[in-house]
Structure formats: structure tokens, C-alpha cells
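Chemist: Just dropping this structure here.
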Amino acid sequence: MNNRKEALIPAVGVITDIRIDTPDVKTFRVVTPDGKKAFEHKPGQCAMLSIPGVGEAMFSITSSPTNTEFMEFSIKKCGCVTEWLHQAEVGQQITIRGPYGNPFPVDDVFAGKDLLFIAGGIGLAPLRSVINYCRHYKDRYGKIDIVYGSRSKEDLVDYKEIIDEWVVDPDINVHLTIDREQEGWDGHVGFVPNYVKELGFDTGKTAIVCGPPIMIKFTLDGLCSVGFDKKQIYTTMELRMKCGIGKCGRCNIGSKYVCKDGPVFRCDELDELPDEY
Amino acid sequence: MRKCSLQNLETVFEKISESMTLYIPADTKDGADFTKWTKGVQMSQALNTNRSAKDFFFPQTEDLVEFKTEGKNIEVIDTRKESEDFAVFGVRACDVKSFDILDRVFLTEPYDSYYATRREHGVIFSLACTRPAETCFCGTFGINPAEPGADVSMWKTDSEMFFEANTEKGKEILKKLESVTQSADASDVDGQKKKTGEIMKKLPLSDLSAEKFGKGMTSKYFDSPKWRELSATCIGCGTCTFVCPTCQCYDIKDFNSGKGVIRYRCWDSCMYSDFTKMAHGNSRNSQTERFRQRFMHKLVYYPDNNDGMFSCVGCGRCLNKCPISMNIVKVMKTLGGEDNE
Amino acid sequence: MQKINSTMLIEKAAQLLENGTADRVLGWKKGEFDYDITPAVFNSVDQIKKEFVFGDFCGANLSKYLVKETRKGDGKVAVFLKPCDTYSFNQLLTEKRFDREKVYAVGISCEGMADIFKVKQIAGDGIVSVSSDGENVKVETLYDGEKTIKLSDVIAERCINCKSRKCVAYDELMGEEGEIIDSDRFDMVSKIESMSEDERFGFWQNELSKCIRCNACRNVCPACTCEKCVFDNPDSCAQNKAPADSFEEKMFHIIRAFHVAGRCTDCGECSRVCPQNIPLHLLNRKFIKDIDTFYGEYQAGAQVGSRAPLVDYTEGDIEPGEAVMKGESENA
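Protein chains in written order, with the numbering used here: chain U, 1015 to 1291; chain A, 142 to 482; chain X, 620 to 951.
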């Protein structure tokens, strides 16, 4: 009995770094009290973070599994737990449990494929882990394209990393866009779904899409209209969760539990679920 | 098979109580409920308890973990004590079946140790039904109330109680009870079983069939216009959920006791408006959607994930307790009715 | 047995739809058995003829559904109201919870409703049919054949202590207007008041510890129509789905009783729906009794627009200190 993992009892984590990404997104670096990584994970998986007395919430792990020292979480301020975290200082302890959910199929389905990452706003957070994983093992994949957009330049999450590491990486193509014209921005202006159409990608690619529901919807429609099959498109979902282990019932849609059977879904699998997300 | 006279049932209770806490159905002013046995507490004649037996394994609230915080530091404390053995006496076949249904949720990986510990420490004495109520429909889900199962099956006649062990745990406890029971012949209860079988055929809900439901039926029923009509006057309370022996949704909450933070879990209901509410929206905004979720889960989603097994046992508690008398029988009859073909 | 029967109501309901008075009707729908009646919204004459029912088990108060129903489009909804339901109707109007213009109310006289749990306690399990002739209830059971029990033995507690058989609000009345009754409804409250402090605490501790926090009492209560209940609001510090300790167990019901004080019409729905049979109406009756004692007799919902003593100020109002002292000396 004692060797069984206690699924609902969290471990202690320490925030060792806080990076301000955008006006409402901060990235938190978390390690165990003795300075190690809390647990191993795969790209696309999530963790439950909590502050005792405030609450517990599910977040995608934004750092790549190839990072052996720590985990990172890019968190947008939008509820009690996130608001509390945004006020926290370095050195603050929180609790952490995980990893939860199914990862992106980086080691089998994605292997050898050209990958097209499409993200909007905070939707980059769950994809960052996959992107950096694929960059780390770039020999295993074909061409990598990233289309990322936000409301404004300031709202682009991980802008520094994008400019300093992704843009200069000769093996990947980064296409940035913002919703409206802005002083000091000479890149593309326009919504992500339209930009994807304009860029006219080869339909043999495997697409990974994440962002606000409306952006996902239009991007999917756009990709399908140019000839992508839903089986080539992956996305990751967010629903209210409490247990993270497929038991509390909250994230149940049809016969799936988003925390356990997702959060990563292939788009044709989503079509089989009742329209409740 | 063992037996004892009903007059000597108390000595059986005494014997069980020597090694573990015993709960039996006892009458209260509001009907029967499982009550801790102490000398003098009489076993109820009622068909079933108000609250289901799931409470023993999945209680309304239970503490998960405690946190002590000091400055920026947190200490996580597992406050659970060593669990005690206990026995539950007189569980009906429907509630026995509900343990199977709950086990498939809580005991599949990742394993729920809180539930598991209680299952490991609990011994279940089931009791065969002889007078099922008009609200009973366990037969719809293939349950035989004359063969109740669990660790020890029991049959009660006018003068005697019969015991048959079904599991190792059951055999062990019947062995302990040898001094207060006598050996009996299994055929002694055949008459009763046959009679119950005859009654089952005469029950008003005996023709209720679950055949039209089960695995792979999501698209058939999800968009049915009947949901709106069925849920039109649902008041969105959690009564059906909480009296149900198979409903297992829960919430996790923190409580600041003043000395620390206790993280506990408590029953939750998919019928509640805030069940799926998030900071940026709610995936089930209307009561119709929430109502549909509960019944689709019992009749389609759960079977999808569990080899066709339904997560209803036909105990009839929701029929008796729903404030507006809306229930799974009416849902099945309406959705499965001819005009929905 | 009700003087107004199903046939009369079916005819009326159908007529209201047919002549365009309303485009839907709030009423009661037949169940699987004689007693499991469901409140329902009827949209067609056909449906009314097939499923509408009225009888001794139509206890559900339909007035609260008007809050939701009147928000759906412009059409009118017809509703059937028993005398006690008309008080809730008025109270909801006083609180401006629905648009009166969108409702056609039919008051119906009521002889008191039966309580199926009482029937089952006397007649036992396996009830195949129940019917009454006004004096006796005929129950057919699976195991003991036909049984005859006195109707008075199975009348719901709230109807035994009926406060008024008078319909106080309607566009149309079916049956007699009815009288306000000098009931004994405060007897049990007085009995609890006369208990010692420990006994009284024990009584409520025992009752409220049975609560499973299903919220049925709150959700059915016509006085509980807040758009967002404090107990569901994560920002209220009071949101809880289950009692975390024995204090919170009582807090939910006490807060609720305070919140409906002066607005509760004593319709008794809270106790009717409680799956744990907690006599919740007694908490509300205690407040009603106290308000009567300290501010003069007041019946919530008797008139539309009346100012309840707790939200009104008159120079003759009792001083809070006096009320406390009076309470203490009464309980001494």
C-alpha cells in the first residue's frame, strides 16, 4: 500500500524565478525545496499547482522535458489562484502534483513529419514545451514552422525567447503577427487564422494548434479548407478540473475526461465528442 | 451456509463487534439508516436505508491533507490515521452492485487510496430482498435481489438468518461467527429466492428495459429535444446525486481552521450551476445541459468506458427523493419511447 | 380528495391555450405512480389532455417557476396556484421578481395535500395505487392487498397547520375563495422554545447534522431567488458545498432562515423536499412568530407591496435591546 503514489497529496515546490512576459502573463520557475525538478513529464502534460487556502488549479507545463533542472509555467492572471501567484515573490513555496494527461505524440506520430505550430495569445504556453522539445531533437523531425500571434507586441508571450532563440534558429521558421498596427512593429499585422491562410502551408504538415476557442475554430476551418485532414491536426483543451485523475467528474465530456484522456486531442477525435467544450 | 435464529442475531452482532465496528440499518423517525451497533440497537425491517451504503467508502466530506504555512514556507501533512476494520450489515443487492461501479472509478489507476483503504477495511454483509418496493427496478440492470453478493450474502426468513460467504474476507468472518451460528443447507433459502423471483416479475417497473441505452449511444440521445422537456422544472439541486449510490463526482476545497489549512473533498453534483464554471466561462450553461450530463453519464458515458455496465442500480432512491419527482425511470421511458425512434 | 379535480383543470388549461389567454401553462404532470407528480410546462392542448393532472399529491408550489418562465419571450404563461402558493406569488411580485403582465394566474381551492411518506409509513412498501374519497385513502399494495387509511392520518404537516385557505392573488378563481385559518402552526415552535438551552441545541444539532447540502430547500424556496446565492459565490467567503465543521453545518440553514425572515410566507416547500426530513420550516416559523410578537402580526405575501416589519421603520418599533431582553426572559 505504502509504495503507491498518493494521487491527491501534493509535494512542495519553490518558485525560484518569476519572469514578466506580458501585462497579464508571468512565467514561474518551480523546483523542489532541495533544488531538483519536481517530476519528469512529456510535452503537453499538465500539473496541479496550489496555494493552501486559496485553491488548486491545472496548468500546462511550459518548459521542455529536456530541461533537467526545473519546470516553468506561463500563467495568465484570470482567477483566484492565478491572481495570488501573480502577487507572489521569489522564494514562495507552493504545492505541485502531476504530471497529468496525455502528451503530444512527439515520439511516434510526429517523428519524421514537418510540424506547423499555430498559437494565439496565452495558447503558446502549452506549445512552448513541445516546440522546445522538437528543437532539442530536431534531427527527428522535418521542417518546423511556428505561427504565433497576439493582440499586441506586448502580449506576445516569451517574446525574448522567440527573438533570441527561435528566430535565430536556422532550422525553424517563425511567423509572428499582431492583431492591430502598432508603433515599433514592422512585422505582420492581422489575425492568426488569416495569416495561416496567407502563408499557404504545404498540406502534408502536421499542425498543432492552441489558443482562444474562437481562434482555434477559425484556424481549423481554414486548415481544412485548404486541404488539411483533421487527423493531421492536434490541439489541447482546457476545462475546469479538480482531481486531475479522471475521477471528480468535472472535465467529463461524453465518455472522455479531459484531464486523463486529453488535454491533447487529435481534431477528428474532438468531432466524436458531444459539443460541450 | 450458516444460520442463526433471529432471537440470536444480537449475539452475532456482539461477536462481530468484538473485532470491528458494526453498522446495521436501524429505524429512525425518518426511516432506516445505517447506525453504529451498540447493545440494544435493533435491525430495521425497512426495505432500504434513506442514504445509500456508498457513504461508508465515499463519505460526504473527508479530509485529504493538511498544510501548515509559515512565511513563504509550506509543510504538507498527511493526517490520516490507521483505518479501523468495520462491517456493514444488511446491504441490499442494488447497493452491493454500486460498489462495483464505484470501484471501477476509484480503484483504476491512478488509484484513490482514501476509498481503497476503506474498501480494504470494510466487510459487507448483504441481505436478500423479499418485498421489493414499487420504485425498485434493479432487474433492469441485471441485478438479482435474491442473490445479493458482497463478502457475505444473507437471507432472512420469519425465524432465521442465513449466511453464505462469497469472498475470502467473508469466509474469514463466518469462521469467527461459527460459535454463534449453526450449519445450514443452501436449499433452505431456495423457496424464498423463487418467491422473490416471482414478485420481481410483478413489479410495476419490471418491464423497464435498458436495452436502448449503453455504449456508443451518445449521438442517438445527445441532441434529443426531449431533454428540454424533461429538465424544464428541474430545480438544479443535488438530491438525486447525493442519494444515488453510484454518483461519485466530488469537489476539493480548502478550509482554514485557524491552525492550518485543511484540504478536504466533498460530494459535488453535475446538476449544480457552478460545477463546470471556470474563470472564463461555463461549458454547461443551462440546467438542461446539466440534467442531460447526469443521465447521459449513467446510461451512455459510463457504459462506454466500462464494457457496457450502466451506472444505475435501480435502487429507487431518486424516485422517492427528487423534489419534483423527475428521475431516471422517466428519462429512460421518455427517451426510449416510441416517439423518439 | 380535492373539490377541484383533474378534469376541471384540464378543461381550464386547454381553454386558456385555445383562446389565446396564454401560450403555455404551468401545471402538474402525471407520474409513473399515482403520487410522483412533476411540475411541468405544457405547450399544447394535446399534451394537457394526455398528461395534466391535479390531485392530492400536487403539493409542489409553482409560483417560483414564474421567475424563469416569464423571462422566456413575450408570451403569457398561465399558472395554477393553490391558496398557499398565492402568498408566494404575491411575495415574488412585491420583490419584483417577475412581470405580472406576463402571467395569467388561476387560483384554485385546496383541501390539503397528502404526504406520500406518511402513506408509505402506514401502508408499507409496494404501493400500486392510491386514491381518496375525501375521508379515506384507498391504497393498493403488492403485499397486503387493499388497505384503507384515514385521509387525516396522511395529510402533510404543513396542511394540518394550514394558515389560509384563501387565494390572495388570481386573475380567475376556481372553487371557493376560502378563509384565513386560525391555525396551531406555532405550537411546535413554542415547544422548542420551552426546551432548555441544551435540549434545544441538541434538537437542532441532531436535525441539522443530517443535512447533505443538496440545496433542495434553497432551490425550491420561493423566497430564495437571488441571481447568485452567497453560498455559490466564490468571492463571498461563504461558498461551501459541504460543512467543513459542525459550525458550518448549522450556518447554512441559519443564514438562510435569516435571509428569508419577513419574506418567508410559510409555504413549507423546504420541509416537503428535504430528502433527510429535516423540519426546516420550524426555523422560518420561529422568525415569523418573533416578528408577530415584536412588531405585530404580519403575513408575508398577504398583499402585494406591503412593507415587511424588518425592512420598515415605525416610531412604535420595539427597541432592539428590549427585544433581546424579552427573548431572554421568555427563554429563561
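Glycine included, every Cβ here is placed at the ideal spot set by N, Cα and C.
#1: With a threshold of 8 Å on Cβ separation, who are the neighbours of ASN1017/U within its own chain once the five nearest residues in sequence on each side are excluded?
#2: State buried or exposed for GLU482/A, treating a residue as buried only when at least 16 other CB atoms are found within 10 Å of its CB.
#3: Beta carbon of ASN307/A: closer than 7 Å to some heavy atom of the ligand SAM?
#4: PHE820/X: buried (16+ other C-beta within 10 angstroms of its C-beta) or exposed?
#5: Given 8 Å as the limit, is there contact between the region 431-444 of chain A and the region 228-235 of chain A, that is, 3 or more CB pairs closer than that?
#6: At a CB-CB cut-off below 9 Å, which residues of chain A make contact with GLU651/X?
#7: When we look at the beta-carbon of ILE1029/U and count the other beta-carbons within 10 Å, is it buried (16 or more) or exposed?
#8: Name the residues in the region 383-403 of chain A whose C-beta lies less than 8 Å from a C-beta of chain X; which are they?
#9: Can you give me the Cβ contacts of LEU1287/U inside the same chain, cut-off strictly under 7 Å, excluding the 5 residues immediately before and after it?
#10: If you measure beta-carbon to beta-carbon, which residues of the region 352-374 of chain A are closer than 7 Å to chain X?
#11: Does any C-beta atom of chain A lie closer than 8 Å to the C-beta of THR1109/U?
#12: Evaluate ASP655/X with the Cβ neighbour count: other Cβ atoms within 10 Å of its Cβ, from every protein chain shown; 16 or more gives buried, anything less gives exposed.
#13: Could you tell me whether the Cβ atoms of GLY457/A and ALA274/A are closer together than 8 Å?
#14: With DSSP as the reference, identify every bridge partner of ALA632/X, one or two as the case may be.
#15: According to DSSP, is MET1015/U helix, strand or coil?
#16: Should the region 1104-1115 of chain U be regarded as contacting the region 1272-1279 of chain U, the criterion being three or more beta carbon pairs within less than 8 Å?
#17: Just to confirm, are VAL672/X and ASP734/X a CB contact at a threshold of 8 Å?
#18: Using alpha carbons as the reference points, say which of GLU313/A, SER360/A, LEU248/A and PHE208/A lies closest to ASP445/A.
#19: At the level of alpha carbons, what is the spacing between PRO464/A and PHE1073/U?
#20: Using only the alpha-carbon positions, how far apart do ASP864/X and SER398/A sit?
#21: So which residues on chain U does ARG260/A lean against when the C-beta distance must stay under 8 Å?
#22: Can you give me, in chain order, the residues of the region 1089-1108 of chain U that have a beta carbon less than 8 Å from any beta carbon in chain A?
#23: Please list the partners that LYS1261/U has in chain A, where partner means a Cβ-to-Cβ separation under 8 Å.
#24: Looking at chain A, is there any beta carbon in it that lies within less than 8 Å of the beta carbon of VAL1144/U?
#25: Check ASN481/A in the structure and name its three-state DSSP category.
#26: In chain order, which continuous runs of the beta strand (DSSP E) of length 3 or greater are located wholly inside the region 657-691 of chain X?
#27: Compare the C-beta of LEU150/A with all C-beta atoms of chain U and state if any pair is closer than 8 Å.
#28: Excluding the 5 residues flanking ASP395/A on each side, which residues of the same chain have their C-beta closer than 6 Å to its C-beta?
#29: Return the CA-CA distance between MET1015/U and ILE393/A, expressed in angstroms with no decimal places.
#30: Only counting the same chain, and skipping five residues up and downstream in sequence, which positions put a Cβ closer than 6 Å to that of LYS238/A?
#31: Against chain U, with Cβ distances strictly below 8 Å, would VAL206/A count as a contact?
#32: Tell me, which residues are paired with ALA173/A by DSSP?
#33: Return the Cβ separation of GLY379/A and ASN852/X in integer angstroms, given the expectation that the two are a contact with Cβ distance under 8 Å.
#34: Given that ASN709/X touches chain A, what residues does it touch there, using C-beta distances under 8 Å?
#35: Taking all protein chains shown into account, do 16 or more other C-beta atoms lie within 10 angstroms of the C-beta of SER224/A, making it buried, or fewer, making it exposed?
#36: Closer than 6 Å by C-beta to ASN191/A: which residues in its own chain qualify, once you throw out the five before and the five after it? Chain order, please.
Modeler: On the basis of the coordinates in this document:
#1: Bear in mind that the predicted position of ASN1017/U carries a pLDDT of just 41, short of 50, making it unreliable; the figure below should be weighed with that in mind. Taken in chain order, the list of residues that qualify is empty.
#2: Reliability fails at GLU482/A, whose pLDDT of 44 lies under 50, so the model's placement of it is uncertain and no value is given.
#3: Looking for the ligand SAM in the displayed structure turns up nothing, as the structure carries no ligands at all.
#4: exposed
#5: no
#6: GLU275, THR276, PRO345, LEU346, LEU460, SER466, ASN468, VAL470, LYS471 and LYS474
#7: buried
#8: PHE383, VAL384, ASP392, LYS394, PHE396, SER398 and ILE403
#9: ILE1267, GLY1268 and LYS1270
#10: ALA373 and THR374
#11: yes
#12: buried
#13: yes
#14: DSSP output for ALA632/X lists no bridge partner at all.
#15: With a pLDDT of 38 at MET1015/U, under the threshold of 50, the predicted position of this residue should be treated as unreliable, though the coordinate-derived value follows. DSSP places MET1015/U in coil when its eight states are reduced to three.
#16: yes
#17: It is not a contact, given that the beta carbons lie outside the stated cut-off.
#18: It is SER360/A whose Cα lies nearest to the Cα of ASP445/A.
#19: 39 Å
#20: 9 Å
#21: Close partners of ARG260/A in chain U (Cβ separation under 8 Å) are lacking, with about 12 Å as the shortest Cβ gap.
#22: Residues of the region 1089-1108 of chain U that bring their beta carbon within less than 8 Å of a beta carbon in chain A comprise CYS1092, GLY1093, THR1096, GLU1103, GLY1105, GLN1106, GLN1107 and ILE1108, in sequence order.
#23: In chain order: VAL246, PHE247, ASP253, GLN389 and TYR391.
#24: Not one chain A Cβ lies under 8 Å of VAL1144/U.
#25: Only weak support exists for where ASN481/A lies, its pLDDT of 46 falling under 50; the value from the coordinates is given anyway. Residue state, collapsed to three classes: helix.
#26: For the region 657-691 of chain X, whole beta strand (DSSP E) runs of length 3 or above, ordered along the chain, are 657-661.
#27: no
#28: VAL402 and ARG404
#29: Residue placement at MET1015/U is flagged as unreliable, the pLDDT there being 38, under the threshold of 50; a coordinate-derived value is accordingly withheld.
#30: ILE284 and VAL454
#31: By this cut-off, VAL206/A is an interface position.
#32: According to DSSP, which records beta bridges pairwise, ALA173/A is partnered with ASP168/A.
#33: Contact flag wrong, Cβ pair sits at about 17 Å.
#34: None at all; the shortest Cβ gap to chain A is about 21 Å.
#35: exposed
#36: GLY172 and ASP174
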